[in-house]
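Enquirer: At the far end of the sequence shown sits residue 278, using the numbering used here, and the numbering has no gaps.
Ideal placement from N, C-alpha and C gives every residue a C-beta, glycine not left out.
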Amino acid sequence: MAYGEKPQTHVIDTSKASAARMYDWLLGGTENYDVDRDACVELLKIAPSSQQLARSNRDFLRRVVRFLAAEKGITQFLDHGSGLPTQDNVHEVAQRHHKDAKVVYVDDDPMVLAHARTFLDDNDNTKVLGYDMRCTGDIRAATEGFLDWDEPIAALFVSVLHCLPDTDDENDPARLIQTVARQLPAGSYMVICQLVSDDPVVRRDVTDLMAVATNGKWGRVREKHEVRRFFDGLDIENPPGLVDVIDWRPDSAPPPMHLRPTDWVEWGGLARIPG
């Protein structure tokens, strides 16, 4: 495995929850602490479907990477906010279809980086970068010579943009997506989804809880029309378009509407860089 140039400068803080470790717990993992589990308990009080959403989101990641590799012929992946390694990571899915597929994982969580170094040690076609996903110039520079930026790349923003706050500069999530889209060669793809809710109380209470639990390392739960704007200028893959991710090319029949969560959903889709 190749590593990023940026050294790990932060120790693992076990006094505050981490979104990556909370996600790990919701998926049934063990790489988390009491503070993460306590935050998840409070989260489930506000949004009881959170564990179900975490699992359906992971299933979506597997399906969309498989689709890109098997049906679109994509052999390069740039995974922003990759989180802790679990089963069927991006490189495992992609390399089943293209054994030489290259995957770059980007995350600035010290625990994610520590586990990724161990988990990916024997895979020369993966690279781990310890950057904030908003450091687009640094990420591009660090992947030169590993990814071929003249050939299509799939940039993944799966369940991470709700961790970023709205700003008036290039760090704004929508601006981030636009910047990455401009960097990617024509024919590349972007996978974008985040947590959304039609319930203003859920949006407010989850956002407030996570902001406190993670010591401000959080953005906000958004609405569908806000996420839809992230796709401006991109060619959305139809079918199925932008949907609850359980409806994105499911392997089996998704649950009927009356059995689905009413608190929040993971919402988004796949889009191609035109040209």
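Helix, strand or coil for Lys19 per DSSP?
Expert: Taking the sequence shown and counting its residues from 1, one reaches residue 19 at position 16. In the structure shown, Lys19 sits in coil (DSSP, three-state: anything other than H, G, I, E or B).
Enquirer: Measure from the alpha carbon of Pro168 to the alpha carbon of each residue in Glu34, Met193, Pro243 and Thr210, then state which is nearest.
Expert: Position 165 of the sequence shown, counting from 1, holds the residue named residue 168. Selected option, being the one with the closest Cα: Thr210.
Enquirer: Can you give the Cα-Cα distance for Ala73 and His100, rounded to whole angstroms?
Expert: Within the sequence shown, residue 73 is the residue found at index 70, counting from 1. Within the sequence shown, residue 100 is the residue found at index 97, counting from 1. Roughly 6 Å separates the two Cα atoms.
Enquirer: Taking the alpha-carbon of Arg24 as reference, which of Pro253, Tyr36 and Thr170 has the nearest alpha-carbon?
Expert: In the sequence shown, residue 24 corresponds to position 21, counting from 1. When only C-alpha atoms are compared, the closest one is Tyr36.
Enquirer: Restricting to runs no shorter than 3 residues, where is the beta strand (DSSP E) found entirely within the stretch 179-259?
Expert: With a minimum length of 3 residues, the continuous beta strand (DSSP E) runs that stay inside the stretch 179-259 are 192-199.
Enquirer: With the cut-off set at 8 Å, would you say Met114 and Ser18 are in Cβ contact?
Expert: In the sequence shown, counting from the first residue as 1, residue 114 sits at position 111. In the sequence shown, counting from the first residue as 1, residue 18 sits at position 15. Going by C-beta atoms, Met114 is not nearer than 8 Å to Ser18.
Enquirer: So Val163 packs on Gly84, CB below 8 Å; how close in whole Å?
Expert: Position 160 of the sequence shown, counted from the start, is the residue given in the question as residue 163. Position 81 of the sequence shown, counted from the start, is the residue given in the question as residue 84. The Cβ separation is near 3 Å, so the contact holds.
Enquirer: Taking buried to mean at least 16 other C-beta atoms within 10 Å of its own C-beta, is Gly31 buried or exposed?
Expert: Here the question's residue 31 lines up with position 28 in the sequence shown. Result: exposed.
Enquirer: Would you check if there are 3 or more beta carbon pairs closer than 8 Å linking the stretch 221-240 to the stretch 184-198?
Expert: Because the criterion of three Cβ pairs below 8 Å is met, the stretch 221-240 and the stretch 184-198 touch.
Enquirer: Count the other CB atoms within 10 Å of the CB of Val107; is the residue buried (16 or more) or exposed (fewer)?
Expert: Here residue 107 is taken as the residue at index 104 of the sequence shown, counted from 1. It is buried - the Cβ of Val107 has at least 16 other Cβ atoms within 10 Å.
Enquirer: Can you name, in chain order, every residue of its own chain whose Cβ lies under 7 Å from the Cβ of Leu116, other than the five neighbours on each side?
Expert: Residue 116 sits at position 113 when you count from the first residue of the sequence shown. Hits under 7 Å: Gln11, Asp110, Val131 and Gly133.
Enquirer: Taking its Cβ as the centre, do 16 or more other Cβ atoms sit within 10 Å of Asn241, making it buried, or is it exposed?
Expert: Numbered from 1 along the sequence shown, position 238 holds the residue referred to as residue 241. Counting Cβ neighbours within 10 Å, Asn241 comes out exposed, since fewer than 16 surround it.
Enquirer: Determine whether the beta carbon atoms of Asn126 and His94 lie at a separation below 8 Å.
Expert: Taking the sequence shown and counting its residues from 1, one reaches residue 126 at position 123. Taking the sequence shown and counting its residues from 1, one reaches residue 94 at position 91. Yes.
Enquirer: CA-CA distance, Gly244 and Ala104?
Expert: The sequence position of residue 244 within the sequence shown is 241, counting from 1. The sequence position of residue 104 within the sequence shown is 101, counting from 1. So the two alpha carbons sit approximately 26 Å from each other.
Enquirer: For Val160, tell me which candidate among Glu147, Ala144, Trp152 and Leu179 has the shortest Cα-Cα distance.
Expert: As a first step, residue 160 must be located in the sequence shown, where it is residue number 157. The question names Val, but residue 160 is Phe in the sequence shown. The candidate whose alpha carbon is nearest that of Phe160 is Leu179.
Enquirer: Distance, Cα to Cα, Gln98 vs Val204?
Expert: Position 95 of the sequence shown holds residue 98. Position 201 of the sequence shown holds residue 204. Spanning the two alpha carbons is a distance of roughly 42 Å.
Enquirer: Is the Cβ-Cβ distance between Leu198 and His228 less than 8 Å?
Expert: The sequence position of residue 198 within the sequence shown is 195, counting from 1. The sequence position of residue 228 within the sequence shown is 225, counting from 1. Contact: no.
Enquirer: Determine which residues share a DSSP beta bridge with Val161 and list them.
Expert: Along the sequence shown, read from residue 1 onward, the residue named residue 161 stands at position 158. Answer is Cys196, bridged to Val161.
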